[in-house]
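Taking it in order: structure first as structure tokens, then the write-up.
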Amino acid sequence: MTRLRTAALVGNPNAGKSALFNALTGARQKIANYPGVTVERKAGRMFLPSGEPVELIDLPGSYSLDSASPDEEVTRQVVQGEFPGEAVPDVLVVVIDAANLEQHLVFAQELIALGRPTVVALNMVDLAERDGLAIDADALSAALGVPVVSTVAVRKRGLDALTEAMGTAEGQDMSKRHEVAGQTLTERRLAARNMAKGAVLSESSRHRLHAHLDKVLLHPWLGPPILFALLFVIFQAVFAWATPFADALDGAITALIGVVEGVMSDSVVRDFITEGVLTGVGSVVVFLPQIIILFAFILVMEQSGYMARAAFIMDRLMAYVGLSGRSFIPLLSSFACAIPGIMATRAIADPKDRLTTILIAPLMTCSARLPVYAVIIAAFIPATTVGPGIGLQGLVLFALYVAGIIGAMAAALVLRRTVAKGGASGFIMELPRYQFPPVRDLAIGLWQRAWVFLRRAGTIIFMATIALWVLLSFPKAEPGESQIDASIAGQVADGLHVVLAPIGFNREISLAIVPAMAAREVAVSALATTYAVEGADEEEEAQGLIPRLQTGWSLPTALAFLAWFVFAPQCISTIAVAKRETNGWKWPAFMLAYLFGAAYVFAGLTYWSAVALGL
Amino acid sequence: MENGLTLDTLKPLARAEITHVDWSVLAPDEAKRLRALGIDEGARIAIAHRGIFIGKDPIALIVGRMTVAVRRNHARAMSVKLV
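These protein sequence lines map, in sequence, to chains L and P.
Numbering that gives the first Met the number 0 numbers the first residue of the first sequence as 0 and each following residue consecutively.
Numbering that gives the first Met the number 0 numbers the first residue of the second sequence as 0 and each following residue consecutively.
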């Protein structure tokens, strides 16, 4: 049997590669990491007109084979066949932006000169037309010596012609190619300019949409308030819009527990299913709607082109703490999850900048904290409004996010003057054209994020919950003794409680934060399981987690618990990815120490102040 | 050629050509990135937007059909002439 043939999408950033990748492969995608590095390897299955399957990989966007970042280095090694364990792609699909030929043809020439079977996808021709540009693909094909196919990835235009050209690419005549490609960057740039001139049939001086939008969105006085208003809306939406969906999920899980209790007789197995699996995993799954809403906003910002403007606006503020606007994107991604955030730091060229961004990324409020915050806020903060459209609960959530940001900025300021000392960092970044985020790309992106979350709920959180349930349930309590006191977990928590009692943590919290080292949201399932096991009778057990917290915790304790989670680095995956990114245990160990130290101090300060104020 | 005019002092939307770049003040990877984006000697550029707060940093440049953000210290390394 012949091996599966491979093709690679390669081109400048913002050429619409990902949209083309989604259009060609649909949902048949596999996302993994290149071995040894944390650059994402996106691969998917597509079919040639002959019906032959091809593995398509989406390489990181690059400006040149002379790489200036770890991302670009992966692209260079793969296309030159130097990446260990990765076969050189049989066909290169060079993706260029039809409205930016002068720039994108520079790298295209470099790729064509490699002498591999190559097809050029002249992408986003619709946006070029919108900008008043008409382009002759045949003239471009003649100039480059390779087939050029016009495509509009988001509308699936030109895909048949593209796959057909890919199918016949291996029989290409290589002889014409050497004449067209410039040898040096300057020569290639000159050649690109001439080719672009020759291929553009007409160009009207129609005002471009993005110039108008930028006038408002990058306005010195309007731009920042717009960005902050948008961020505020996101955090309000995460709470308000998700509630009906979360309630529905919660109801479904409660109903399921009822069904299991009705069908099975009272036994350890039934307790295991209801108290352990359903209560534990269920308490985390209900946060799926909030996580989807947050990711939807982040994806729309990225795909519309606004994210780069946000980086532009934030650059000056970031410069005050020794970072650049480049760090804003990894940090904003860290609001969803620190892992892709830390991985996104690969685009930061300066090593000290990058290290600082990695060390502060866990301070951004990731989606795993949402379940923890949401449950405590729902239990202790009244659902009143403090102004038109502004709920108190949303405001508290916003304050927690702000606390994380201020903590991160303070940490960056200190780190850049101590352990990550270095020269001022730079900021060079293309601001892509605005475009309407394609619904399909958005849906695929959301599906991938939701799936990762559910897989975590089904694996790490499932295992941690079960382990905790076992430790809580055995050995069985003597009559008259509480189950928690008797259990192994109770003994461990008693030890930890000695350290945590001064900052207002009760024994249930001491118990919950141990398994929450696996992932923060486990704290919620751990509390749910703890109270479910502890429940003296059926009636108490049937109560949800929130009423239990309201009766069992004081307000200062709840606030201290929130403050703890602003800082505490409770996520094994983050620590692992930080180790891989910094090549050793030194920095992850440092990260653990400084973040746990900060968590303890700030939880303590919160508790003592709240008690002093008589809350 | 040296008339003392550097890119950072250019007025918004004034068209100019880069006549000389002092590459020595730029970090090697930054120089590489700027050149890859077409910000090089001979390039026609204009300033589209300036950042907020003190120093009006960073600067959004129009290069060909692209908008590229750079810091003011990069722009200061580039001598320009109006065209």
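Note that CB positions come from ideal geometry on N, CA and C, so glycine has one too.
Which term fits residue i, buried or exposed, when burial requires 16 or more other beta carbons within 10 angstroms of its beta carbon?
i	result
P/K31	buried
L/Q79	exposed
L/E660	Residue 660 of chain L lies beyond the residue range present for chain L, which begins at 0 and ends at 614; the question has no answer from this structure.
L/W468	buried
L/A463	buried
P/M0	Since pLDDT at P/M0 reaches only 44, below the 50 mark, its modelled position is unreliable, and the value read off the structure follows with that caveat. By the 10 Å Cβ count, P/M0 comes out exposed.
L/R415	buried
L/M0	Because L/M0 carries a pLDDT of 41, less than 50, the predicted location of this residue cannot be relied on, and the following value inherits that uncertainty. The residue in question, L/M0, is exposed, as its Cβ has fewer than 16 Cβ neighbours within 10 Å.
L/I291	buried
L/F327	buried
L/V600	exposed
P/I38	buried
L/Q482	buried
L/I487	exposed
L/V237	buried
P/H48	buried
L/H211	exposed
L/Q490	exposed
Between which two residues does the beta strand (DSSP E) harbouring residue i extend?
i	result
L/I502	It is not in any beta strand (DSSP E) - L/I502 carries neither H nor E in the DSSP assignment.
L/G386	T384 to G386
L/M428	M428 to L430
L/D96	V90 to D96
P/I85	Because chain P in this structure spans residues 0 to 82, residue 85 of chain P falls outside the shown range and cannot be described.
P/M77	M77 to L81
L/A133	L132 to I134
P/V24	Segment: none, P/V24 is in no beta strand (DSSP E) and carries neither H nor E.
What residues are listed by DSSP as bridge partners for residue i?
i	result
L/E169	None; L/E169 has no bridge partner.
L/E54	L/T5 and L/R44
P/A45	P/I61
L/A120	L/V94 and L/V148
L/A567	BP columns for L/A567 are empty, so no partner.
L/E202	L/L132
L/K29	L/A42
With a Cβ-Cβ cutoff of 8 Å, do residue i and residue j count as a contact?
i	j	result
L/Q434	L/G222	no
L/I359	L/A419	no
L/N122	L/G275	no
L/I134	L/A190	no
L/E54	L/T5	yes
L/S323	L/G425	yes
L/A346	L/R325	yes
L/I297	P/L33	no
L/G144	L/T150	no
L/A466	L/A476	no
L/I375	L/F560	yes
L/Q102	L/N11	yes
L/A138	L/A198	yes
L/L293	L/F334	yes
L/L217	L/L248	no
L/F566	L/L362	yes
By the DSSP assignment, the alpha helix (DSSP H) with residue i in it spans what residues?
i	result
L/E580	I571 to T581
L/H103	L100 to I111
L/K585	K585 to A611
L/A247	T242 to V262
L/M274	Note that residue 274 of chain L is Glu in the sequence shown here, rather than Met. It is not in any alpha helix (DSSP H) - L/E274 carries neither H nor E in the DSSP assignment.
L/S68	Run containing L/S68: none; DSSP gives neither H nor E here.
L/N21	K16 to T24
L/P288	L287 to S303
L/R353	P350 to I359
L/P546	L544 to G551
L/W468	F461 to S472
With 8 Å set as the bound, which would you pick, yes or no: does the beta-carbon of residue i sit closer than that to a beta-carbon of chain A?
i	result
L/L100	This model lacks chain A altogether; the protein chains it does include are L and P.
Taking 7 Å as the cut-off, does the CB of residue i come closer than this to any heavy atom belonging to the ligand SAH?
i	result
L/G503	Ligands displayed in this structure: none; no statement on the ligand SAH is therefore possible.
*Would you list, in chain order, the members of the stretch 52-74 of chain L that have their beta-carbon closer than 7 Å to a beta-carbon of chain P?*
Y62, S63, D65 and A67
*asked:* To be precise: take each residue of the stretch 212-228 of chain L, compare its Cβ to all Cβ atoms of chain P, and keep it if any distance is under 9 Å. Which residues remain?
replied: Of all residues in the stretch 212-228 of chain L, the ones placed with a Cβ closer than 9 Å to any Cβ belonging to chain P are D213, K214, L217, H218, P219, W220, G222 and P223, in chain order.
*Check each residue of the stretch 33-48 of chain P: if its Cβ is closer than 8 Å to any Cβ of chain L, include it; give the result in chain order.*
Shown in chain order are the members of the stretch 33-48 of chain P whose Cβ falls below 8 Å from a Cβ of chain L: L33, R34, A35, L36, G37, D39, A47 and H48.
*Closer than 8 Å, Cβ to Cβ, to anything on chain L: give me those residues from the stretch 4-22 of chain P, in chain order.*
none
*Residues in the stretch 63-81 of chain P with C-beta within 8 Å of chain L's C-beta atoms, listed in sequence order?*
G63, R64, M65, T66, V67, A68, V69, R70, N72 and H73
*Give the residues from the stretch 415-442 of chain L that approach chain P closer than 7 Å (Cβ to any Cβ), ordered along the chain.*
G425, F426, I427, M428, E429 and L430
*Can you give me, in chain order, the residues of the stretch 90-107 of chain L that have a beta carbon less than 9 Å from any beta carbon in chain P?*
In summary, the residues of the stretch 90-107 of chain L whose CB is separated from some CB of chain P by less than 9 Å are D96, A98, N99, L100, E101, Q102, V105 and F106, in the order they occur in the chain.
*Relative to chain P, which residues along the stretch 296-319 of chain L have a C-beta separation below 8 Å, given in chain order?*
A307, A310, F311, I312, D314, R315, L316 and A318
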